[in-house]
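Undergrad: Residue numbers (the UniProt record's numbering): 5 to 449.
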Ligand code: ADP
Ligand code: MG
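(1) If we require 4 or more residues per run, which alpha helix (DSSP H) segments fall completely within the region 29-77?
(2) Report yes or no: do the region 234-242 and the region 268-282 share at least 3 C-beta pairs separated by less than 8 Å?
(3) Starting from the C-beta of residue 220, find all residues in its chain whose C-beta is less than 7 Å away, skip the five residues before and the five after it, and write them out in chain order.
(4) Measuring alpha carbon to alpha carbon, tell me which of 238, 213, 189 ends up nearest residue 138.
(5) Report the residue from 419, 398, 327 whose alpha carbon sits nearest the alpha carbon of residue 63.
(6) Under 7 Å: does the beta carbon of residue 212 sit that close to some heavy atom of the ligand MG?
(7) Looking at residue 117 and the ligand MG, is the gap between the Cβ and the nearest heavy atom below 7 Å?
(8) Using a Cβ-Cβ cut-off of 6 Å (strictly less than) and excluding sequence neighbours within five positions of residue 270, which residues of its own chain qualify?
(9) Looking at the secondary structure, which residues open and close the beta strand (DSSP E) in which residue 146 lies?
(10) Quick one, are the C-beta atoms of residue 165 and residue 135 less than 8 Å apart?
(11) In this structure, does DSSP put residue 178 in helix, strand or coil?
(12) Determine contact between the region 198-212 and the region 170-184, defined as no fewer than three beta-carbon pairs at a distance below 8 Å.
(13) First and last residue of the beta strand (DSSP E) that includes residue 242?
(14) In chain order, what residues of the same chain have a beta carbon less than 6 Å from the beta carbon of residue 429, not counting five sequence neighbours either side?
(15) Output the residue ranges of the beta strand (DSSP E) runs that lie fully inside the UniProt region "Domain IV, binds dsDNA" (330-449) and measure 3 residues or longer, sorted by chain position.
(16) Identify which residue in 32, 52, 331 has its Cα closest to the Cα of residue 21.
(17) If you run the structure through DSSP and keep just helix, strand and coil, what is residue 297?
(18) Compute the Euclidean distance between the alpha carbons of residue 18 and residue 42, then round it to the nearest angstrom.
(19) Look up residue 153 in the DSSP assignment and say whether it is helix, strand or coil.
(20) Which one or two residues does DSSP pair with residue 270 in a beta bridge?
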């Protein structure tokens, strides 16, 4: 597939650009989450191609294979000296120091493209502050959160911003895995002094996915020394992990407490509003890319409602929709969603059970489960019971008779009455409306 694409890329970018920038890339394969990985001869090369041809590559690839939702460039192990002179840029614009072993930054991961909502507003604000590059106040900044919630995006955004504002500063971004790899390589090649000098000479060090070094003793040790040396020089450190410092197992305590010594902020799982915001902003970008494609009302809302909290999955779904729509020349509507996203929707379907609803509602109103399900008709039990019935109707695919049966063998008309009553009350009684909304969120989380 890559072979076939190369011809069309050559036509699009012109033969010279093609020879210089595209031909030297090697296609490594497709990784989890639809990441197409390319080998680039140097870090600079990777960054340059990512900035200038990243979008093009992505759009072309996703046309051939709709699961591709991101392109990444890794530096191949081939030493830089072997790179033909032609691929060295004549006069590179503000070049990141070429000797830095950092990972290339994804040009799409900027503050401009980061959608802020309740779940990530603190992490975003802290990142913005650090990206100003003024006086070091939070050191380290420790960002944590589940997969696909935007940690890497924020870190790249900080790095871009710092580079733009302070081109004189050296900003080094890399994953903890790459840190370990560099460290092991330095040990093997007996270049520890170079390694230490290099890492201690940067102005800003960013290490992504630091949980990776848990259990890797000598890497931890080296990381600890690097960390201390930089903090002593008042250099900014930014760390991310998939969980809080005290939840990372097999991490030395002195490192743990170091990690906690600055500002620790978490990215919460996305909520409906944030998901919708992200979809709206991505759809805007796609509209520019695929002019003429329209999105039917309600499609984005449906996706925001149905797809899990992982933004990467959400983006992948949208990419696929646009690619599919442009291939078959159809508008993006619910039919297309069902056709092209059946697997994604099935995978993200979270079945909420009647049991779960009953338990949560009883807990919320502080009554016993048996009282809620039982025959007593006093208002203290009847109202929560109706709320629970209403939620069962809304959040499960159970029929009214089935729901009735699970509420102590009640008739389906009783259930229907209960559901209607809550519908009315939601419009009249702010407290009930709030209760129901709270419960719905808790159940859907
Ligand atoms: P993590 O590193 O936390 O696993 P990433 O930063 O790689 O997650 O984010 C996964 C994908 O979701 C990326 O493509 C990123 O751009 C996107 N993303 C995550 N959060 C947001 C957000 N708030 N606004 C826009 N895009 C986001
Ligand atoms: Mg990440």
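Glycine included, every Cβ here is placed at the ideal spot set by N, Cα and C.
TA: With the structure as the only source:
(1) Counting only runs of 4 or more, we get 47-68.
(2) No: fewer than three Cβ pairs fall under 8 Å.
(3) Closer than 7 Å at the Cβ level, and outside the excluded window around residue 220, lie 184.
(4) It is 238 whose Cα lies nearest to the Cα of residue 138.
(5) The residue with the shortest Cα to Cα distance from residue 63 is 327.
(6) Yes, Cβ of residue 212 sits closer than 7 Å to a heavy atom of the ligand MG.
(7) When distances are taken from the beta-carbon of residue 117 to the heavy atoms of the ligand MG, even the shortest one reaches 7 Å or more.
(8) Counting only Cβ-Cβ distances below 6 Å, and skipping sequence neighbours, we find 148, 149.
(9) Counting along the chain, residue 146 sits inside the beta strand (DSSP E) bounded by residues 145-149.
(10) Taking 8 Å as the cut-off, the beta carbon of residue 165 is found closer than this to the beta carbon of residue 135.
(11) Looking at residue 178 - three-state DSSP - the assignment turns out to be strand.
(12) Because the criterion of three Cβ pairs below 8 Å is met, the region 198-212 and the region 170-184 touch.
(13) 240-245 is the extent of the beta strand (DSSP E) around residue 242.
(14) Cβ within range, chain order: 436.
(15) If you keep only unbroken beta strand (DSSP E) runs of at least 3 residues inside the UniProt region "Domain IV, binds dsDNA" (330-449), you get nothing at all.
(16) Comparing Cα-Cα distances from residue 21 to each of 32, 52, 331, the minimum goes to 52.
(17) Here residue 297 sits in coil by DSSP.
(18) For residue 18 and residue 42, the distance between alpha carbons rounds to 20 Å.
(19) Of the three classes helix, strand and coil, the one that applies to residue 153 here is coil, per DSSP.
(20) 148.
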